[in-house]
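Undergrad: Sharing a structure here in structure tokens format.
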Amino acid sequence: MKSSNKKIESYFTKPGVGIGNVGLSKEDIKTSFLEKLFYSLGRIPVVATQNDFYISLALTIRDRVFRKYVKSLEQYAEEDARGVAYLSAEYLPGPHLGNNLLNLEIMEEIREALAELSLDLDELLNEEVEPGLGNGGLGRLASCYMDSLATLGIPSIAYGIRYEFGIFKQEIQNGWQVESTDKWLHNGNPWEVIRPEISFIVNFGGHTKHRRDDDNKLHIEWFPDSEIKGIAYDTPILGYQSTAIILRLWKAEATESFDFAAYNLGDYYRAVEKKMRSENITKVLYPNDENLSGKELRLKQQYFFVCCSLQDIIRLQLLQGRKLETLHEKFTIQLNDTHPSIAVAELMRLLLDEHHLEWEEAWKVTKNTFAYTNHTLLPEALEKWPVSLLRNLLPRHLEIIYEINSRFISEIREHDFTGEQISRMSLVDDRGEPTIRMAHLATVGSYKVNGVSALHSGLLQEQVLQDFAQLWPEKFTNVTNGVTHRRFLALSNPRLAALISEKIGKDWLTHLDKLKGLESFADEEDFRRKWMEVKLHNKKNLANHIKELTGITINPEMLIDVQVKRIHEYKRQHLKVLHILSLYLRIKKDKDTNIPPTAFVFGGKAAPGYFMAKRIIKLITAVGDLINNDPEVNEILKVVFLPNFSVKLAQLVYPGADLSEQISMAGKEASGTGNMKFALNGALTVGTLDGANVEIREEVGEENFFLFGLTTKEVENKKAEGYHPYKIYSENEKLKRVLDFLMSDELTNGDPELFRPVYDNLLNQDPYLLLEDYQSYVDQMENVYKVWQDPGKWARMSILNVANMGRFSSDRSIRDYCEKIWKVEAVKMQSE
Ligand code: GL4
């Protein structure tokens with residue numbers, strides 16, 4: 001620590017006092033808690049609301065977390081450690097309080113301390129509104145990685161956008177999704193600290209000027225026409241028994257001079273309007289998962305946060321007295337998908353124009369600094385920005401991209417690439433309206449590129465980035481995703497966690513592969529019984545919440561069969577619906593009584609502009625209405641759509657699930673991470689050979705996994721030979737009966753148009769091969785039922801699933817990133 005204030009310095013390092021005292025005892029916490037209430041909030045207990053109490057507790061805990069963070073900074077500085085900057089447009093941290101208590105290992109002390117003040121910890125935990133700063137898997141993965149970076153003691157900082165409104169709130173009205181804004185900051189956010197001194201100017205628009213000096217050296221200057229300020233908001237993210245790292249989110253604010261021209265003209269109203277418009281940059285998260293919308297504001301968001309983050313990284317580098325020529329030695333910057341990929345051009349601009357490095361030097365630094373993770377192969381999700389938009393918004397960056405491209409193309413011309421290959425690889429796609437292919441920019445500007453599961457990384461190299469993989473095979477690698485088992489098992493499923501620890505000790509909290517030790521108990525009658533008792537307890541808990549949220553009663557003894565994830569055709573929620581309808585028709589028409597009681601639980605948001613996904617939600621709720629209200633059926637089947645799926649809700653759902661639905665068409669789900677969270681909580685999986693399902697099945701053993709459907713290769717072949725869903729429809733009588741039911745009055749209430757789009761799409765195109773996989777799915781579900789009717793076998797499979805989840809900890813993923821990509825080492829924290 002470089003402080004000139006000796007008094008402060010000595011206070012800081014003196015043990016037992018002030019910030020030297022972490023103060024985690026029950027009495028310490030009680031005192032600080034009340035102090036926060038009195039002094040920070042100006043409240044006395046009689047008038048304090050639950051939210052006041054929650055804020056006071058949060059502030060108390062945040063102090064402790066910051067202390068851990070500050071301590072680790074000293075150590076990083078001492079060891080001169082190499083660090084990671086993680087750039088992501090999305091994060092889904094989930095509620096902070098519970099996780100921090102778990103990681104400080106003071107949950108029970110806090111519970112007791114609050115009880116002594118007649119307060120209930122669970123009620124306060126429930127007050128927290130989670131930051132919904134992401135769409136789904138990609139944002140949640142970033143947050144799992146932060147948990148592991150902090151736990152492992154990897155010097156790191158995560159950058160993103162402080163959206164004022166996160167992912168929309170979903171309500172179900174009359175069976176349809178209705179969106180409203182997520183006002184997550186309305187009750188205040190006790191976890192963040194504003195850093196007004198850490199702020200940067202970001203420019204937009206205007207034009208560039210090229211000039212040669214007397215030595216004929218080219219100087220390029222950008223004359224932007226507007227500017228905005230980014231201000232840092234820091235949230236500490238604590239690891240388990242370890243230190244904290246910072247999540248630094250940028251908020252846009254107008255500068256004094258942003259509206260120079262307008263003020264000079266004395267046009268106050270125009271100036272104010274411009275100010276408001278400019279601050280819109282960080283207003284709201286775009287709610288599309290796996291779909292680009294090509295909106296100007298979105299590009300502004302991306303550039304805005306990238307520009308602030310890179311300036312901050314450069315500030316840190318210079319602060320430590322280092323040269324920018326060695327930036328890549330000190331930092332590695334991970335691009336979480338292409339959303340931050342404009343960073344390649346921006347770092348070049350900063351190095352060339354602001355810090356006057358030569359092109360070769362700047363390019364060497366840039367391409368040795370970035371690494372890029374690809375998270376999807378879906379063509380509609382691969383970002384491409386129109387050249388015209390870039391020219392208007394970021395004219396200097398467009399020039400830099402063109403220059404990178406021309407040098408890159410000269411380079412590949414020297415290899416044996418055909419003309420066709422070269423135009424495929426170009427950063428500029430000029431078939432039709434010219435666009436910049438951001439995945440190509442990220443690939444060319446990075447030293448490593450990775451996919452997120454073994455299957456996906458393979459496909460990435462065979463399909464989307466095939467030519468690049470041929471050119472630079474050593475650049476490509478795989479890091480299979482992982483999840484934090486602390487949040488998704490220890491915190492959200494305390495009973496199962498306790499049972500596990502009772503058998504094998506607590507080492508699994510930091511070394512998930514220790515779960516392997518459970519294998520030897522899988523055949524113990526008594527252990528199986530206890531295991532299923534825990535599951536039943538969690539199912540009751542889930543059933544209670546379902547009742548509260550939807551009014552629907554489910555019997556916790558039923559098989560609870562769950563599909564929670566974003567609603568997307570490739571994820572095939574409607575395949576599950578077809579299966580449910582087949583059971584319904586068996587009961588109604590065939591009087592079949594052999595179906596075990598099952599509750600089907602769905603949850604997930606549809607992008608507001610995604611017509612088909614919204615229709616699928618309506619389909620689920622319509623099937624639910626029909627089934628739940630039919631006394632002939634509703635003792636056997638129930639269908640629930642849980643509104644507003646979130647991290648908070650997820651933590652309730654996974655522990656109570658028996659069966660996990662991972663039924664995407666093979667080749668489409670890059671990894672999936674919900675699949676890991678379910679299995680970690682003892683749910684069995686019915687799934688295709690897609691994404692990380694493949695590796696999960698490898699680990700748990702094929703006999704402990706319910707597999708169905710075509711493989712990626714078979715999907716490819718099927719499409720190549722010409723796929724005819726109508727033929728399948730007309731040849732499979734039972735399937736035909738199910739599909740025709742989509743058009744029946746019973747389901748559509750007399751509106752034949754209601755599900756026609758789904759029906760027509762399946763019969764005519766069926767791009768995700770539901771009909772092709774239908775029979776195999778239904779057959780595998782029969783097998784699921786057979787096993788379900790043998791509780792001992794089910795319990796055994798469930799235990800074996802959990803026992804083999806070691807590989808899917810985000811700790812392992814982060815270790816992989818450190819070894820295979822970042823070459824960053826953990827800094828050992830001195831214990832206190
Ligand atoms: C996603 C993938 O769809 C998902 O399979 C993966 O688990 C996740 C994290 O790697 O990334 N890609 C996009 S885009 N959204 C996702 O959730």
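Under the UniProt record's numbering, the first residue of the sequence shown carries the number 1, and numbering increases by one thereafter. Even for Gly, the Cβ is constructed at its ideal location relative to N, Cα and C. Keep in mind that this is a model prediction, so the values were computed, not measured.
Taking 8 Å as the cut-off, decide whether the C-beta atoms of Phe-808 and Val-577 are in contact.
TA: Cβ atoms of Phe-808 and Val-577: not closer than 8 Å.
Undergrad: Return helix, strand or coil for Gln-334, following the three-state DSSP convention.
TA: In the structure shown, Gln-334 sits in a strand (DSSP, three-state: E or B).
Undergrad: Out of Met-146, Glu-164, Ala-271, Ser-309, which one is the CA nearest neighbour of Gly-188?
TA: Selected option, being the one with the closest Cα: Glu-164.
Undergrad: Can you name, in chain order, every residue of its own chain whose Cβ lies under 6 Å from the Cβ of residue 833, other than the five neighbours on each side?
TA: The chain is shown from 1 up to 832; residue 833 falls before or after that span and cannot be answered.
Undergrad: Is Arg-315 buried or exposed, if buried means 16 or more other CB atoms sit within 10 Å of its CB?
TA: Exposed, because fewer than 16 other Cβ atoms sit within 10 Å of the Cβ of Arg-315.
Undergrad: Is Gly-153 helix, strand or coil by DSSP?
TA: Note: Gly-153 maps to coil in three-state DSSP.
Undergrad: For Gly-806, which residues of its own chain have a beta-carbon under 7 Å away from its beta-carbon, when the five flanking residues on both sides are left out?
TA: Closer than 7 Å at the Cβ level, and outside the excluded window around Gly-806, lie Leu-512, Asp-513, Leu-515, Lys-516.
Undergrad: According to DSSP, is Asn-693 helix, strand or coil?
TA: Looking at Asn-693 - three-state DSSP - the assignment turns out to be helix.
Undergrad: Our contact map puts Ile-620 next to Gln-662 with C-beta atoms below 8 Å; I'd like the distance itself, whole angstroms only.
TA: Actually they are not in contact, since the Cβ atoms of Ile-620 and Gln-662 sit about 17 Å apart, beyond 8 Å.
Undergrad: Using only the alpha-carbon positions, how far apart do Ala-795 and Val-715 sit?
TA: C-alpha separation (whole angstroms): 34 Å.
Undergrad: Select from Lys-26, Glu-123, Thr-151, Leu-92 the residue whose C-alpha is nearest the C-alpha of Pro-828.
TA: Sequence inspection shows Lys at residue 828; the Pro mentioned does not correspond to that position. Here the closest residue by C-alpha is Thr-151.
Undergrad: Could you compute how far the alpha carbon of Trp-723 sits from the alpha carbon of Glu-699?
TA: The displayed chain sequence assigns Tyr, not Trp, to residue 723. Answer to the nearest angstrom: the Cα atoms are 33 Å apart.
Undergrad: May I ask you to list the residues that DSSP assigns as paired with Asn-628?
TA: According to DSSP, which records beta bridges pairwise, Asn-628 is partnered with nothing at all.
Undergrad: Rounding to the nearest angstrom, what Cα-Cα distance links Leu-119 and Arg-64 in this structure?
TA: Their backbone Cα atoms lie some 21 Å apart in a straight line.
Undergrad: With respect to 7 Å, is the separation between the Cβ of Leu-138 and the closest non-hydrogen atom of the ligand GL4 below this value?
TA: At least one heavy atom of the ligand GL4 is nearer than 7 Å to the Cβ of Leu-138, so yes.
Undergrad: If you draw a straight line from the alpha carbon of Ile-616 to that of Phe-488, how long is it in whole angstroms?
TA: Ile-616 and Phe-488: Cα-Cα distance of roughly 28 Å.
Undergrad: How many angstroms separate the CA atom of Val-653 from the CA atom of Ile-546?
TA: Looking at the two C-alpha atoms, the distance is approximately 10 Å.
Undergrad: Quick one: Cα of Leu-496 to Cα of Leu-800, how far?
TA: Computed Cα separation, rounded: 14 Å.
Undergrad: I need the straight-line Cα distance from Gln-170 to Lys-605, nearest angstrom please.
TA: About 7 Å.
Undergrad: Give me the residue from Glu-290, Leu-357, Ile-401 with the minimum Cα distance to Leu-377.
TA: Of Glu-290, Leu-357, Ile-401, the residue nearest in Cα terms is Glu-290.
Undergrad: Would DSSP call Gly-160 helix, strand or coil?
TA: Gly-160: strand per DSSP, three-state reduction.
Undergrad: Using a threshold of 7 Å, is the CB atom of Asn-481 nearer than that to any non-hydrogen atom of the ligand GL4?
TA: Asn-481 Cβ: within cutoff of the ligand GL4.
Undergrad: Is it true that the CB of Ala-826 sits closer than 8 Å to the CB of Gly-175?
TA: No; because the gap between Cβ atoms is not below 8 Å, this pair is not in contact.
Undergrad: Helix, strand or coil: which one does DSSP assign to Val-47?
TA: Val-47: coil per DSSP, three-state reduction.
Undergrad: Using DSSP's beta-bridge definition, name the partner residues of Asp-561.
TA: DSSP output for Asp-561 lists Phe-600, Leu-659 as bridge partner(s).
Undergrad: State buried or exposed for Gln-334, treating a residue as buried only when at least 16 other CB atoms are found within 10 Å of its CB.
TA: Classification for Gln-334: buried.
Undergrad: Can you tell me whether His-375 sits near the ligand GL4, meaning its C-beta is under 7 Å from at least one heavy atom of the ligand?
TA: True, at least one ligand heavy atom lies under 7 Å from that Cβ.
Undergrad: Along the alpha helix (DSSP H) that carries Ala-454, what are the first and last residues, could you check?
TA: First-last of the alpha helix (DSSP H) with Ala-454: 454 to 462.
Undergrad: Answer with buried or exposed for Ser-293, where buried requires no fewer than 16 other C-beta atoms within 10 angstroms of its C-beta.
TA: The residue in question, Ser-293, is exposed, as its Cβ has fewer than 16 Cβ neighbours within 10 Å.
Undergrad: What's the call for Pro-752, buried or exposed, on a 16-neighbour Cβ count within 10 Å?
TA: So Pro-752 ends up on the exposed side.
Undergrad: Is DSSP giving Ser-798 helix, strand or coil here?
TA: Correct three-state label for Ser-798: helix.
Undergrad: What are the residues that DSSP puts in a beta bridge with Pro-386?
TA: Its beta-bridge partners are Thr-435.
Undergrad: Does the beta-carbon of Val-694, which I'm using as the reference point, lie nearer than 7 Å to any heavy atom of the ligand GL4?
TA: It does not: the Cβ of Val-694 is nowhere closer than 7 Å to a heavy atom of the ligand GL4.
Undergrad: Using CA coordinates, which residue listed in Asp-337, Asn-478, Gln-177, Pro-386 is at the minimum distance from Asp-816?
TA: Out of Asp-337, Asn-478, Gln-177, Pro-386, Asn-478 has the C-alpha closest to the C-alpha of Asp-816.
Undergrad: Do you know how far the Cα of Ser-446 is from the Cα of Cys-144?
TA: Using only the alpha carbons, I get a separation of about 23 Å.
Undergrad: Go ahead and pull the three-state DSSP assignment for Ser-813.
TA: Three-state DSSP puts Ser-813 in a helix.
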